[in-house]
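Letter by letter, the sequence shown follows residues 336 to 494 in our numbering. Notes follow once the structure below has been shown.
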Amino acid sequence: MRVRARDIKKGVSMRYYETHSIRMGVSYSSDALYLRTSADFVSSDYKGRDTGWLLSQTACYRYRRMRLDMSMVYFDTDSYESRLYAYEKGLLYGFSSFMCYGKGMRGTLISRVDISDKIMVMAKIGYTAYFDRSSIGSGLQMIDASSMTDTELQVRMRF
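What follows is the structure in structure tokens.
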């Protein structure tokens, strides 16, 4: 449970509201395979009762010099006040936290190949689809579509 305060009138009065959240998860691990499933639920009473939930699945498979990481997140929230956050693995030395509000899904696939002891190549592709809107973002970063795809590539060479 978290209690927060917000201005009702700028600098005049505050309104306190509660946010309740719960997270459950289960994981499995072996030498070559790692699986994790988690479920999140949130309830907020800022402007009425808003709820949201998120279901995520992560899988990692290793075979010799290759590694594949896959993740899928499905979310459904009533408003921005009931938003949830999902951790997302990134390329080497990076990660991100994906904010989920509205209705939609996000999937990522990361591939890593160690070509030799000195050369490593990683690639990431991510796909986000919203079911409740026809555009993503605002201003100069607005995308006039309900889905987007992002890609990243990283090559590391040791000398």
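By construction, the Cβ of each residue, glycine as well, lies at the ideal position given by its N, Cα and C atoms.
- Sequence-distant partners of M492 (beyond 5 residues in either direction) whose C-beta falls short of 7 Å from its own C-beta, in its chain, are K453 and I454.
- Under the criterion of beta carbons closer than 8 Å, T463 and S432 do not qualify as touching, at roughly 14 Å.
- By the Cβ criterion, the region 410-418 is in contact with the region 428-442, since at least three pairs of Cβ atoms, one from each stretch, lie closer than 8 Å.
- In this structure, L389 is the residue among D479, L389 and A458 with its C-alpha nearest to the C-alpha of I357.
- The beta-carbon distance between A394 and M405, rounded to whole angstroms, is 5 Å. This is short enough to meet the 8 Å contact definition.
- Distance from the CA of T372 to the CA of I460, rounded to the nearest whole angstrom, comes to 21 Å.
- Straight-line spacing of the CA atoms in Y396 and R350 works out to 48 Å.
- E353: member of the beta strand (DSSP E) spanning S348 to S364, first to last residue.
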